[in-house]
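Just below is one structure, and these are the notes that go with it.
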Amino acid sequence: MIDEPARRLDEGALRGFGRDLIPQVLASLVRRGEDFDAAEDALQEALLEALRVWPEHPPRDPRAWLATVATRRLVDARRSEAARHRREEAMYAEPRPVATEEGDDTLFLLFCCCHPDLAPASQVALTLRAVGGLTTREIADAFYVPEATMAQRISRAKRALQGRRLDQPGDLAVVLRVLYLIYTAGHSGRVDLAGEAIRLTRQLTLATEEPEARGLLALMLLNHARLPARLDLEGRIVTLDRQDRGLWDTREIAEGVRVLQSALSMQTVQRRPGRYQVEAAIAALHDDAANAEETDWPQILAWYDDLLALAEDPVRQDPAAVLGRAVAVGHVLGAAAGLRETDRLREVLGERHRWHAVRGHLYELGEELPAAASAYTEAAGRATNVAERDHLVRQAARARAITVGRMTIRRMDHVGVVVDDLAAATAFFVELGLKLQGEGSVEGSWVDRVVGLEGVRAEIAMLETPDGHGRLELSKFLAPLGRDGNRHAPANTPGIRHVAFAVDDLDAVVAGLRVRGAELVGEVERYGDRYRLCYVRGPEGIIVELAERIG
Amino acid sequence: MPKYLLLKHYRGAPEPHHPFPPMDQWAPEDVEAHMAFLKHVSELLKENGEYVDAQALTPARTWVRYGGPDAAPVTTDGPLPETSDLVAGWYMIDVESYERAVELAAYVSSEPGPGGGPLYEWIDVREVMSGAPADD
Numbered sequence: 002m003i004d005e006p007a008r009r010l011d012e013g014a015l016r017g018f019g020r021d022l023i024p025q026v027l028a029s030l031v032r033r034g035e036d037f038d039a040a041e042d043a044l045q046e047a048l049l050e051a052l053r054v055w056p057e058h059p060p061r062d063p064r065a066w067l068a069t070v071a072t073r074r075l076v077d078a079r080r081s082e083a084a085r086h087r088r089e090e091a092m093y094a095e096p097r098p099v100a101t102e103e104g105d106d107t108l109f110l111l112f113c114c115c116h117p118d119l120a121p122a123s124q125v126a127l128t129l130r131a132v133g134g135l136t137t138r139e140i141a142d143a144f145y146v147p148e149a150t151m152a153q154r155i156s157r158a159k160r161a162l163q164g165r166r167l168d169q170p171g172d173l174a175v176v177l178r179v180l181y182l183i184y185t186a187g188h189s190g191r192v193d194l195a196g197e198a199i200r201l202t203r204q205l206t207l208a209t210e211e212p213e214a215r216g217l218l219a220l221m222l223l224n225h226a227r228l229p230a231r232l233d234l235e236g237r238i239v240t241l242d243r244q245d246r247g248l249w250d251t252r253e254i255a256e257g258v259r260v261l262q263s264a265l266s267m268q269t270v271q272r273r274p275g276r277y278q279v280e281a282a283i284a285a286l287h288d289d290a291a292n293a294e295e296t297d298w299p300q301i302l303a304w305y306d307d308l309l310a311l312a313e314d315p316v317r318q319d320p321a322a323v324l325g326r327a328v329a330v331g332h333v334l335g336a337a338a339g340l341r342e343t344d345r346l347r348e349v350l351g352e353r354h355r356w357h358a359v360r361g362h363l364y365e366l367g368e369e370l371p372a373a374a375s376a377y378t379e380a381a382g383r384a385t386n387v388a389e390r391d392h393l394v395r396q397a398a399r400a401r402a403i404t405v406g407r408m409t410i411r412r413m414d415h416v417g418v419v420v421d422d423l424a425a426a427t428a429f430f431v432e433l434g435l436k437l438q439g440e441g442s443v444e445g446s447w448v449d450r451v452v453g454l455e456g457v458r459a460e461i462a463m464l465e466t467p468d469g470h471g472r473l474e475l476s477k478f479l480a481p482l483g484r485d486g487n488r489h490a491p492a493n494t495p496g497i498r499h500v501a502f503a504v505d506d507l508d509a510v511v512a513g514l515r516v517r518g519a520e521l522v523g524e525v526e527r528y529g530d531r532y533r534l535c536y537v538r539g540p541e542g543i544i545v546e547l548a549e550r551i552g
Numbered sequence: 012m013p014k015y016l017l018l019k020h021y022r023g024a025p026e027p028h029h030p031f032p033p034m035d036q037w038a039p040e041d042v043e044a045h046m047a048f049l050k051h052v053s054e055l056l057k058e059n060g061e062y063v064d065a066q067a068l069t070p071a072r073t074w075v076r077y078g079g080p081d082a083a084p085v086t087t088d089g090p091l092p093e094t095s096d097l098v099a100g101w102y103m104i105d106v107e108s109y110e111r112a113v114e115l116a117a118y119v120s121s122e123p124g125p126g127g128g129p130l131y132e133w134i135d136v137r138e139v140m141s142g143a144p145a146d147d
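The listed protein sequences correspond, in order, to chains A and B. The number in the numbering used here is simply the position in the first sequence, starting from 1, with 1 added. The number in the numbering used here is simply the position in the second sequence, starting from 1, with 11 added.
This is the structure:
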């Protein structure tokens with residue numbers, strides 16, 4: 002592309018193209034002894050100039066072009082404010098000694114931006130701007146702060162770097178942490194920070210042999226691969242066990258596994274895999290399962306053991322790892338064991354939503370749904386993210402609904418009446434219009450245990466109303482014999498006193514029953530203008546209420 | 012165009028028109044309907060060109076005051092009466108008039124509750140003071 006001057010560049014391509022050159026050009030300016038702050042400003046101006054000029058006049062060597070223009074800007078700035086910038090001028094004339102070995106520009110710049118003296122928020126902002134080439138506006142959008150606030154944060158960070166020697170090798174662990182911070186911030190924002198973090202980490206792996214850099218890249222890729230399945234079309238969180246695995250990015254998973262293997266292949270007895278490699282291995286095991294049930298939890302647990310072994314006091318130094326391990330313990334050794342693991346964290350994490358959410362998951366795993374619902378409610382009240390809060394409220398409502406569904410009845414099944422003359426009672430209700438569903442006898446230890454009597458033998462008839470929604474169970478106990486019931490109990494006697502049926506023609510039914518020897522208990526009466534009602538004394542004193550709807 | 016905050020409260024609102032249990036005790040489909048409505052309100056405000064901002068607050072609260080020279084800040088998270096005001100979140104809107112703000116607040120309050128009927132939640136409507144002095 003560089004050697005095709007005739008080719009016009011559009012702005013999108015140009016920005017992407019320019020961004021790849023930023024670290025190289027900026028590093029060369031800073032190594033030469035320029036102030037980080039001034040060099041970065043000059044380069045941004047050069048990029049703007051490039052956007053204007055390159056579409057018409059593509060340069061033969063874009064990197065050299067940018068370096069030349071940026072340098073010219075630096076010199077211009079000094080000339081115009083020579084008096085105020087005497088100090089800088091002196092430095093320009095007498096550049097500071099710089100590292101002579103050929104290190105990679107990206108690595109060098111990352112060490113600058115992730116200088117340990119800077120606060121994490123400043124490290125992140127500066128890295129995104131100086132190494133990532135994002136505009137201040139884009140970074141502000143990503144973190145939902147006003148652009149002026151972000152601009153101030155970046156310029157303070159750059160000022161903080163002024164006068165510091167930037168030729169010492171930096172702390173790679175800090176760089177990795179900053180990149181991971183950028184990645185994790187990237188799941189909700191308007192700017193694709195996750196993609197940016199992956200891009201920067203990929204550049205970093207080209208600049209250093211450090212296996213942890215590859216471990217971090219693998220971890221990002223293996224998690225990022227699941228991103229398309231993490232939210233449904235309505236923006237609702239979908240937990241790992243319910244995700245549509247067909248949406249996972251298999252290409253990213255394959256790359257992540259490859260990168261992880263290359264990192265792990267460098268391990269020796271003295272040099273165990275670091276935390277990013279271990280976490281990547283856990284992510285790879287999740288990605289590898291065709292469905293949630295096939296997840297290799299024992300191996301995940303083994304990796305968590307390795308992760309915990311990296312800290313002297315994991316509960317205080319790495320509670321997130323202990324919490325993750327508790328989930329694995331729950332799946333391998335049972336929910337109760339997992340819950341016991343979380344108990345160790347109560348003091349450290351007991352006020353955090355994730356602790357309660359994990360306990361909700363473990364209670365659910367153990368089918369303790371009321372406890373799961375309570376834990377999810379606790380978690381929802383502590384969530385600091387709207388999507389997660391909504392998800393936890395849903396989890397609580399779902400667990401509670403299942404609990405309520407199980408704790409309450411589904412429908413009326415039948416009413417039982419104990420009688421002496423089963424045949425006569427059955428005939429009475431069949432005459433009334435019920436259908437005989439079945440007859441039989443029951444006995445055995447199971448009946449004894451259910452009804453709480455010994456040596457039960459009973460004959461049973463089950464009758465069903467014509468609509469199929471109501472049933473009557475008539476039973477005659479052959480043994481043991483019950484005490485005599487009160488066959489003439491008045492309608493106000495405490496206890497189950499009557500069964501009621503809807504009829505179309507009350508008078509006709511009553512007339513038919515009278516033929517069979519049944520008598521009205523009182524009289525036929527109207528209930529408001531909606532029903533005509535009466536009580537009939539049926540066989541063995543059973544009160545049968547009949548109701549005819551009128552009007 | 013005046014700006015208004017439509018505030019939702021965890022507590023401290025007038026006596027509820029229609030008492031309801033916390034959302035985690037609703038039927039799951041009612042929870043879904045409620046959340047879908049709130050999403051719809053944001054989209055509607057954006058489509059109307061009336062949307063400025065919408066935020067939710069966690070229920071945790073800390074009161075802080077200056078502790079005096081060389082002293083740490085004094086903080087407290089209680090004890091406070093259960094009736095004290097606790098804001099849950101807000102929509103900030105930029106609308107033609109006070110009447111329009113009231114109309115939108117009432118619409119927010121019609122959000123579906125348990126059983127699918129309106130929640131009748133009290134919404135606190137507050138005008139945001141403008142930063143610039145008015146022209147004479």
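We put the beta carbon where it would ideally sit given N, CA and C, even for glycine.
As the crow flies, the alpha-carbon of A:Thr209 is around 12 Å from that of A:Leu177. Following the DSSP letters along the chain, one finds B:Thr87 in no alpha helix (DSSP H) but inside the beta strand (DSSP E) bounded by residues Val85 to Thr87. Excluding sequence positions up to five before and after A:Thr269, its CB lies less than 8 Å from no other CB in the same chain. Of all residues in the stretch 376-392 of chain A, only Tyr377, Thr378, Ala381, Gly382, Arg383, Ala384, Thr385, Val387, Arg390 and Asp391 come within less than 8 Å of chain B when Cβ atoms are compared, listed by chain position. Per DSSP, the beta-bridge partners of B:Pro123 are B:Pro129. Shown here for B:Ala65: same chain residues with a beta carbon closer than 6 Å to its own, the five before and five after excluded, namely Ser53 and Tyr102 in chain order. Among the CB atoms of chain A, none fall inside 8 Å of the CB of B:Ala24.
Counting only the Cα atoms, A:Glu440 lies some 9 Å from A:Leu464. The beta-bridge partner set that DSSP reports for A:Glu440 consists of A:Ala462. Here the alpha carbon of B:Met46 sits roughly 31 Å from the alpha carbon of A:Leu340.
The Cβ neighbour count for A:Ile497, taken over all protein chains shown within 10 Å, is under 16; the residue is labelled exposed.
If you compare the alpha carbons of A:Arg246, A:Arg538 and A:Arg32 with that of A:Ala426, the shortest gap goes to A:Arg538.
Non-local C-beta neighbours of B:Ala44 in its own chain, meaning closer than 6 Å and more than five positions away in sequence, comprise Pro123, ordered along the chain. Bounds of the alpha helix (DSSP H) holding B:His45 are Pro39 to Asn59. By the rule that beta-carbons nearer than 8 Å mark a contact, B:Asp35 touches chain A.
Counted as a single uninterrupted DSSP element, the beta strand (DSSP E) harbouring A:Ala480 occupies residues Arg472 to Ala480. Taken in chain order, the members of the stretch 395-410 of chain A whose beta-carbon sits within less than 7 Å of a beta-carbon on chain B are Arg395, Ala397, Ala398, Arg399, Arg401 and Ala402. Put simply, of A:Glu352, A:Val387 and A:Asn386 the residue whose alpha carbon is nearest the alpha carbon of A:Ala376 is A:Glu352. Boundaries for A:Ile543: no alpha helix (DSSP H) harbours it, and the DSSP string shows neither H nor E there. Pairing A:Tyr364 with A:Ala329 gives a Cβ-Cβ distance that is not under 8 Å. Looking at the DSSP output, B:Lys19 shares a beta bridge with B:Gly100. A:Gly331 and A:Glu46 have their C-alpha atoms spaced approximately 56 Å apart. Taking the CA atoms as reference points, A:Asn487 sits about 21 Å from A:Glu460. Closer than 8 Å to the CB of B:Ala67 there is at least one CB belonging to chain A.
Non-local C-beta neighbours of A:Val333 in its own chain, meaning closer than 6 Å and more than five positions away in sequence, comprise Trp298, Pro299 and Leu302, ordered along the chain. DSSP places A:Gln396 in no beta strand (DSSP E) but in the uninterrupted alpha helix (DSSP H) bounded by Val387 to Met408.
Between the alpha carbons of A:Glu139 and A:Leu129 lies a gap of roughly 9 Å. Taking each of B:Tyr62, B:Asp41 and B:Phe48 in turn and checking the Cα distance to B:Met12, the smallest one comes out for B:Tyr62.
Nearest neighbour of A:Val516 by Cα position, chosen from A:Gly552, A:Ile254, A:Pro481 and A:Glu432, turns out to be A:Glu432.
Among the CB atoms of chain A, none fall inside 8 Å of the CB of B:Met103. Under the three-state reduction of DSSP output, A:Ile155 falls in the helix class. Residue A:Arg246 holds the alpha-carbon nearest to the alpha-carbon of A:Glu294 among A:Phe430, A:Arg246 and A:Val443. Between B:Ala44 and chain A, the shortest Cβ-Cβ separation is not below 8 Å.
Ranked by Cα distance from A:Pro467, the options A:Ala503, A:Phe478, A:Ala492 and A:Gly361 are led by A:Ala503. In the structure shown, the three-state DSSP call for A:Cys114 is helix. DSSP places A:Gly335 in the coil class of the three-state scheme, outside both helix and strand.
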